[in-house]
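All remarks here apply to the structure that follows.
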Amino acid sequence: MGSTAAPEGALGYVREFTRHSSDVLSNLNELRLRGILTDVTLLVGGQPLRAHKAVLIACSGFFYSIFRGRAGVGVDVLSLPGGPEARGFAPLLDFMYTSRLRLSPATAPAVLAAATYLQMEHVVQACHRFIQASYEPLGISLRPMEAEPPRPPTVPPPGSPRRSEGHPDPPTESRSCSQGSPSPASPDPKACNWKKYKFIVLNSQSSQAGSLAGESSGQPCPQARLPSGDEACSSSSSSSSEEGATPGLQSRLSLATTTARFKCGALANNSYLFTPPAQETSKQAHPPPGSECLSCQNCEAVAGCSSGIEPLAPGDEDKPYKCQLCRSAFRYKGNLASHRTVHTGEKPYRCSVCGARFNRPANLKTHSRIHSGEKPYKCETCGSRFVQVAHLRAHVLIHTGEKPYPCPTCGTRFRHLQTLKSHVRIHTGEKPYHCDPCGLHFRHKSQLRLHLRQKHGSGWALTFTPTLACLSRYFSQRRSLAMGLALTGVGISSFAFAPLFQWLLNNYAWRGALLLVSALSLHLVACGALLRPLSLTEDTAVGGPWAQITSLLCHGPFLRYTVALTLINTGYFIPYVHLVAHLQDLGWDPLPAAFLLSVAAISDLVGRVASGWLGDAVPGPVARLLMLWTTLTGVSLALFPVAQASTTLVVLAVAYGFTSGALTPVAFSVIPELVGTGRIYCGLGLVQMIESVGGLLGAPLSGYLRDVTGNYTASFVVAGAFLLAGSGVLITLPHFFSCISLSTSRPQDLVIEAPDTKIPLPKEEGLGEN
DNA sequence: GTTGTGTAGGGAAAAGCCCGGG
DNA sequence: GCCCGGGCTTTTCCCTACACAA
Ligand SMILES: [Zn+2]
Ligand SMILES: [Zn+2]
Ligand SMILES: [Zn+2]
Ligand SMILES: [Zn+2]
């Protein structure tokens, strides 16, 4: 139950307030601009510039060597004769106080010289990059040494501030500058919007309607209630403890408290409002919290987050309601009740738009927002809106700069728990994601996926349509059987490949298995080479792809056929989407319901082969067979609502599987008969593109019907009706009723007689049946 | 270009919690 | 006052697209 994120035994560790440093810096800058507590005047190029020695020392090795020691204390005015120019120095001084470096092609060399003089190495690098980038478009590569200004007068002493600590690293600034957009008027929004973020927090506290409505309805610092963890601490709903708290006390918070509970009462909460501008603080709607929070803070601060906090034993008295099935315990009785649905698989709440099912109404409600487009939670900083509060919470971190998840091993901090988790695997060497077909292992899930798509998926997908098209060019006599076998092969191989590869993996280790699979795939190349494109006589007549497409779109029978297939597709997939839900409505358990779907899928495979064979054995136009299968599929679909007994349902599922499977190869075989083998590539592609619209529309439509009527009866009936309508359109195809002589008739004869394909086909059986 | 790594957005499951009604 | 269930809030996890650098 507990979060795995909390490291074992780490009862708390240092919480970093990443905005703090920039807050301090901006305050220092304000002090400089107002001349408060500045203790040195720099004379650069005759210009006096007031600054704080401490800041100068912290940023520059040169100033460190000047001011360190007692001699530096008395220095009130420092002139730098022969040093940097004012136009190079001023941007550096600004940078020290703002971490933003303004560069332009005109000033960059001067800034570079000044930075080198002052030993600000990061800035030197940034200037180099900038100058280089601005020359590269001209084809001039400026090497750093060529632009190197004279060495500074002093060598950095051994004790000078380390660059990584004392010198702000300006990676983002330098990059944005090098892109040529140094715009002081519109500084980096992420760097400047912390005040705005504070305003969000205040907004939510004062119970403003709208944006953070959910959070703002919360109680102001419910002291009797223990905040449940770090998230709660940083969430805006618990942000009312800001006044009376000090940053120092607040800067240590336990991250490991996510699930633990504490003896010391309410935990100090919020981190964002310690230094709010006075005018914003005055807008507080709620008074500061009572002393309980303060004492907690004290105990925490004094104890340094370790000794002062002791998680109570996960007391059973805390959660008296236990699940008999999985030992989970709950504080509230109702939770146990709703927990049971986890085991029963019961999901009574159904989305009226997409049919998704939920075991809790609230989850359905949240889900339904993705259809309505409602996004109730708005980020006041950037205006982005979110469907869930949690998303907003995660989002505002990018404005605050907060990274709440540190790596226990190397200390790198992350903004998202997920990132930390995958990062930790770097240390453990864990690579949990692996690709079965090729045995590669990956640390990140997105890698598994990318690899699959690029190395396997696209290959298979890209071979599918061309192979079918090739088939229809090769086979004219037994085209249907070829289609059926090919489609069955596709289905079976996708089932069989995983276990086959697993077996190879077990017997040959992954290298061997990979080798064997590669060898297997190379056979594909050989096979593919055998499938060399036939140059059929009619190819010369069909023209280029665009000409083909244009002609196909004006081809009446082809269009009618496309419409028919689209109609068929609309109803075709309904059982795969809704059959399980329908069976559950009838009281079936999810598992048997899913099993019945598998039965239908197997029946589908059988149907593909059988229909391929039948397609060649039964005389007459293949379109007639297609109509037969379509009609039968439609009827079996429409019968689903009638069936109540499980045996009837099984029979229906088998029938639907068989007929719908039988339909598939025939549907592909008809196309060459309609458009001729010359235009088969374009024809097949076009049909697949258009008919997919039907497949996309079918499921939502039947889901909608289910919601309107309350059950799936109409859904299945309408699906069946679409199939029947499709077969109705099929009747209009040319020569549907023609009675060409049976055994001697060959499919290509039909083509010859088709009005739009006038060119007779050559005999090609010799080649095709090799 | 590939690979590894990190970021942000978004969907969902499930527990926590509040509140009104009986 | 107590209990119960409905319904909202929170927490946590997961997936996915994408950016970026070695
Ligand atoms: Zn359980
Ligand atoms: Zn939905
Ligand atoms: Zn925002
Ligand atoms: Zn680490």
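Be aware that the first sequence starts at 187, since it is given in this note's numbering, and climbs by one per residue.
Note that CB positions come from ideal geometry on N, CA and C, so glycine has one too.
All figures in this text were calculated on a predicted structure; none of them were measured in a lab.
- By the neighbour-count criterion, in which 16 or more other beta carbons inside 10 Å mark a residue as buried, Glu-588 falls on the buried side.
- Inclusion of Val-785 and Gly-843 in the CB contact set at 8 Å is warranted, their separation being smaller than that value.
- Runs of alpha helix (DSSP H) with 4 or more residues, each lying fully within the segment 837–887, are absent.
- Each of Cys-593, Thr-595, Cys-596, Thr-598, His-609, His-613 has a C-beta closer than 6 Å to some heavy atom of ligand 4; these make up the full list, in chain order.
- By the neighbour-count criterion, in which a residue is buried when 16 or more other Cβ atoms sit within 10 angstroms of its Cβ, Val-828 is exposed.
- Remark: the shortest separation between the CB of Cys-245 and any heavy atom of ligand 1 does not fall under 7 Å.
- For Thr-748, the CB contacts under 6 Å within the same chain, skipping 5 residues up- and downstream, are Val-873, Ile-876 in chain order.
- For Cys-245, the closest alpha carbon among the candidates Asp-893, Leu-223, Val-310 is that of Val-310.
- For His-613, the CB contacts under 6 Å within the same chain, skipping 5 residues up- and downstream, are Thr-595 in chain order.
- It is roughly 19 Å from the alpha-carbon of Leu-883 to the alpha-carbon of His-768.
- By the Cβ-count criterion, Gln-305 is buried, with 16 or more other Cβ atoms from all chains shown falling within 10 Å of its own Cβ.
- Residues whose Cβ lies closer than 5 Å to any heavy atom of ligand 3, listed in chain order: Cys-565, Thr-567, Cys-568, Ser-570.
- Nearest neighbour of Val-915 by Cα position, chosen from Gly-742, Val-573, Ala-292, turns out to be Gly-742.
- According to the DSSP assignment, Pro-277 belongs to the alpha helix (DSSP H) that extends over 272–284.
- Between the C-alpha atoms of Gly-912 and Thr-895 there is a straight-line separation of about 24 Å.
- Between Ile-754 and Leu-823, the gap from beta carbon to beta carbon reaches 8 Å or more.
- Secondary structure at Lys-239: helix, using DSSP grouped into helix, strand and coil.
- Comparing alpha-carbon positions, the option among Leu-278, Tyr-283, Thr-284 lying closest to Thr-293 turns out to be Leu-278.
- In the three-state DSSP reduction, Tyr-518 falls in the coil class, being neither helix nor strand.
- Proximity to Arg-273 across Tyr-283, Pro-295, Thr-302 peaks at Pro-295, based on C-alpha coordinates.
- The beta carbon of Val-852 sits closer than 7 Å to the beta carbons of Ser-666, Ser-797, Gly-801, Val-808, Leu-811, Leu-812, Trp-815 from its chain, once the five residues preceding and following it are set aside; these are given in chain order.
- Here Ala-301 has Leu-278, Val-309, Val-310, Cys-313 as same chain residues with Cβ atoms under 7 Å from its own Cβ, once five neighbours each way along the sequence are excluded.
- Taking every residue with its beta carbon within less than 6 Å of a heavy atom belonging to ligand 2 gives, in chain order, Cys-537, Val-539, Cys-540, Ala-542, His-553, His-557.
- For Leu-550, the uninterrupted alpha helix (DSSP H) run begins and ends at 547–558, by DSSP.
- Relative to ligand 1, the beta carbon of Leu-887 is positioned no closer than 7 Å to any heavy atom.
- Taken through DSSP and simplified to helix, strand or coil, Pro-234 comes out as strand.
- Judged by their CB atoms, Ala-580 and His-602 are nearer to each other than the 8 Å cut-off.
- Residues with their Cβ less than 5 Å from any non-hydrogen atom of ligand 1, running along the chain, are Cys-509, Leu-511, Cys-512, Ser-514.
- Taking C-beta atoms as the reference points, Leu-910 and Ser-901 fail to come closer than 8 Å.
- The C-beta separation of Gly-847 from Ser-789 comes to about 7 Å, placing the pair in contact by the 8 Å criterion.
- In the structure shown, Pro-594 falls within a coil segment according to DSSP collapsed to helix, strand and coil.
- Here Thr-918 has Arg-746 as same chain residues with Cβ atoms under 6 Å from its own Cβ, once five neighbours each way along the sequence are excluded.
- Counting along the chain, no beta strand (DSSP E) covers Val-749; the unbroken alpha helix (DSSP H) around it starts and ends at 742–758.
- Residue ranges of uninterrupted alpha helix (DSSP H) with 4 or more members, entirely inside the segment 761–822 and ordered along the chain, are 776–803.
- In terms of Cα proximity to Gly-793, the closest of Gly-675, Leu-849, Glu-216 is Leu-849.
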